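Trainee:
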Amino acid sequence: MDSSKNIYTKTGDSGFASTMNRKMIPKNSPIFCVLGTIDELNSTLGVAREKMPEATGEIVRSLQKDLIAFSAELAGGSRFATKEKVAALEESIDTIMKSVPEIKEFITPGDTEAGAALDVSRSVARRAERELVSSKQTGGISREAMMWMNRISDFIYALARLMDAELASQQGQKPVAVQAAAAPAAPMQLAVGNVAPMPANSDFLDFSLWLCRAVLDKAKEMHLPVVTAACDAGGNPTALMRADGAYIASVDIAQSKAFTSVSVQMSTEKLGALCQPNGPLYGIQNTNQGRIVIFGGGIPLYRNGVLIGGFGVSGGSAEQDTGLAHYAEEIYKKQL
Numbered sequence: 004m005d006s007s008k009n010i011y012t013k014t015g016d017s018g019f020a021s022t023m024n025r026k027m028i029p030k031n032s033p034i035f036c037v038l039g040t041i042d043e044l045n046s047t048l049g050v051a052r053e054k055m056p057e058a059t060g061e062i063v064r065s066l067q068k069d070l071i072a073f074s075a076e077l078a079g080g081s082r083f084a085t086k087e088k089v090a091a092l093e094e095s096i097d098t099i100m101k102s103v104p105e106i107k108e109f110i111t112p113g114d115t116e117a118g119a120a121l122d123v124s125r126s127v128a129r130r131a132e133r134e135l136v137s138s139k140q141t142g143g144i145s146r147e148a149m150m151w152m153n154r155i156s157d158f159i160y161a162l163a164r165l166m167d168a169e170l171a172s173q174q175g176q177k178p179v180a181v182q183a184a185a186a187p188a189a190p191m192q193l194a195v196g197n198v199a200p201m202p203a204n205s206d207f208l209d210f211s212l213w214l215c216r217a218v219l220d221k222a223k224e225m226h227l228p229v230v231t232a233a234c235d236a237g238g239n240p241t242a243l244m245r246a247d248g249a250y251i252a253s254v255d256i257a258q259s260k261a262f263t264s265v266s267v268q269m270s271t272e273k274l275g276a277l278c279q280p281n282g283p284l285y286g287i288q289n290t291n292q293g294r295i296v297i298f299g300g301g302i303p304l305y306r307n308g309v310l311i312g313g314f315g316v317s318g319g320s321a322e323q324d325t326g327l328a329h330y331a332e333e334i335y336k337k338q339l
């Protein structure tokens, strides 16, 4: 047999092994413990990836590759963990958690296979964190490495909640996300007050820009960075505005809310109540390439009883987005 193809090296038979920057140390040393646990974490993520939709699976695949690069750093290779990568993880975590209903109690894993598998991965990630602390005491572990590993368990937790929210409804269950849509929170009541008048003899583009700006200004009074979007009666985008600091994910969500409202000719808030298991529109959120939104923030716009377009807003809580959408509807009606 060609020895170059052997997967065994025999160098660790004595109970000692080396990394790129540590020579012949015991195989139960802290660094080998954390490297082994990260390897275990990567394997559990592979199991979880097989249970989830392809798009989310690609996110997990990317994380798996990052874990390999991170392990190489810990073993003395090129630096991987940086403040920029930590910040990117934090932004991803915040974006994901904004897309699922608020969680007010400890999660009991098991609502969906993918979510449960990710919860196992999260537990392994937490163990890797603890072992990394032990390894740091012997030196060679950067502060950025500690920070990056600490965020990984939070990132996996966020992915698990996303999978529970998305997949449970498809399996006929009622996770937190479905319950929230079935009984939407009351929208915030926002005073209309003085609003700059809509431009005289304006076309739909001018009107779209006026409405998006007016709602953006209202949200600014609330110290709430949001994204506003409008589309015509055919669902074609006509305006999009993003406040400084608004989540990047809110750009797509706001546009999808506007699209949804004209597609079904009702508010996204009302649609959510019709999309529950055994409901008349159950499953519609899985059509149109995932563009259908079933939580508040999108409204259809009518003129003289004729649908002329839709409006969507995203960036706040469900109550805030719904309240801002109602605000848009009220100021529009006052201009008619």
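If you want our numbering, it's the 1-based position in the sequence shown plus 3.
Here a beta-carbon is modelled for each residue, glycine too, at the ideal position from N, C-alpha and C.
As the structure is a prediction and not an experimental result, all values here were calculated from the model.
1) Is DSSP giving E243 helix, strand or coil here?
2) With a threshold of 8 Å on Cβ separation, who are the neighbours of L162 within its own chain once the five nearest residues in sequence on each side are excluded?
3) If you draw a straight line from the alpha carbon of I302 to that of S259, how long is it in whole angstroms?
4) Looking only at C-alpha atoms, which of T141, F210, A84, P104 sits nearest to G299?
5) With DSSP as the reference, identify every bridge partner of T40, one or two as the case may be.
6) State the DSSP-derived secondary structure class of I159, mapped to helix, strand or coil.
7) Express the C-alpha separation of R52 and S138 in angstroms, rounding to a whole number.
8) Contact between the segment 247-255 and the segment 269-277: three or more CB pairs below 8 Å?
9) Take S156 and list the residues in its own chain whose beta-carbon comes closer than 7 Å to its own, dropping the five residues that flank it on each side.
10) Relative to the C-alpha of A328, which candidate in E116, V89, A222, E147 has its C-alpha closest?
11) How should N289 be labelled, buried or exposed, when 16 other C-beta atoms within 10 angstroms of its C-beta is the threshold for buried?
12) Assign L208 to buried or exposed, taking buried as 16 or more other Cβ atoms, counted over all protein chains shown, within 10 Å of its Cβ.
13) Please tell me whether S266 and I295 are closer than 8 Å, where the distance is taken between their beta carbons.
14) Measure the C-alpha to C-alpha separation of Q140 and Y160 and round it to an integer number of angstroms.
15) Assess contact between the segment 233-248 and the segment 66-85, defined as three or more Cβ pairs (one per stretch) separated by less than 8 Å. Is contact present?
16) Look at the alpha carbon of L219 and the alpha carbon of Y250, and state the distance between them as a whole number of angstroms.
17) Taking the C-alpha atoms as reference points, what is the distance between T325 and A242?
18) Under three-state DSSP, which class holds G315?
19) How far does the alpha helix (DSSP H) with L208 in it reach, from first residue to last?
20) Look up G301 in the DSSP assignment and say whether it is helix, strand or coil.
Mentor: The answer reads as follows:
1) Your numbering for residue 243 matches position 240 in the sequence shown. A quick correction: the sequence has Leu, not Glu, at residue 243. Correct three-state label for L243: strand.
2) For the purposes of this step, residue 162 is taken as the residue at position 159 of the sequence shown. Closer than 8 Å at Cβ, skipping near neighbours: T59, I62, V63, I99, L121.
3) Residue mapping note: residue 302 aligns to position 299 of the sequence shown, counting from 1. Residue mapping note: residue 259 aligns to position 256 of the sequence shown, counting from 1. Looking at the two C-alpha atoms, the distance is approximately 11 Å.
4) Residue 299 sits at position 296 when you count from the first residue of the sequence shown. Of the candidates T141, F210, A84, P104, the residue whose Cα lies closest to the Cα of G299 is P104.
5) Here residue 40 refers to the residue found at position 37 when the sequence shown is read from its first residue. In DSSP, T40 forms no bridge with anything.
6) The residue given as residue 159 occupies position 156 in the sequence shown. Three-state DSSP puts I159 in a helix.
7) Here the question's residue 138 lines up with position 135 in the sequence shown. Here the question's residue 52 lines up with position 49 in the sequence shown. Approximately 29 Å, taken between the alpha carbons.
8) no
9) Numbered from 1 along the sequence shown, position 153 holds the residue referred to as residue 156. Contacts found: R125, A128, R129, E132.
10) Here the question's residue 328 lines up with position 325 in the sequence shown. Minimum Cα distance to A328 is reached at A222.
11) Numbered from 1 along the sequence shown, position 286 holds the residue referred to as residue 289. N289 should be labelled exposed.
12) Stepping through the sequence shown from its first residue, residue 208 is reached at position 205. Exposed.
13) Here residue 266 refers to the residue found at position 263 of the sequence shown. Here residue 295 refers to the residue found at position 292 of the sequence shown. Cβ atoms of S266 and I295: closer than 8 Å.
14) By one-based count along the sequence shown, residue 140 stands at place 137. By one-based count along the sequence shown, residue 160 stands at place 157. C-alpha separation (whole angstroms): 27 Å.
15) The segment 233-248 is not in contact with the segment 66-85.
16) If you number the sequence shown from 1, residue 219 lands on position 216. If you number the sequence shown from 1, residue 250 lands on position 247. Taking the straight line joining both Cα atoms gives about 14 Å.
17) For the purposes of this step, residue 325 is taken as the residue at position 322 of the sequence shown. For the purposes of this step, residue 242 is taken as the residue at position 239 of the sequence shown. In a straight line, the C-alpha of T325 is about 19 Å away from that of A242.
18) The residue you call residue 315 lines up with position 312 of the sequence shown. G315: strand per DSSP, three-state reduction.
19) By 1-based counting over the sequence shown, the position of residue 208 is 205. That run of the alpha helix (DSSP H) goes 207-224.
20) Along the sequence shown, one-based indexing puts residue 301 at 298. Note: G301 maps to strand in three-state DSSP.
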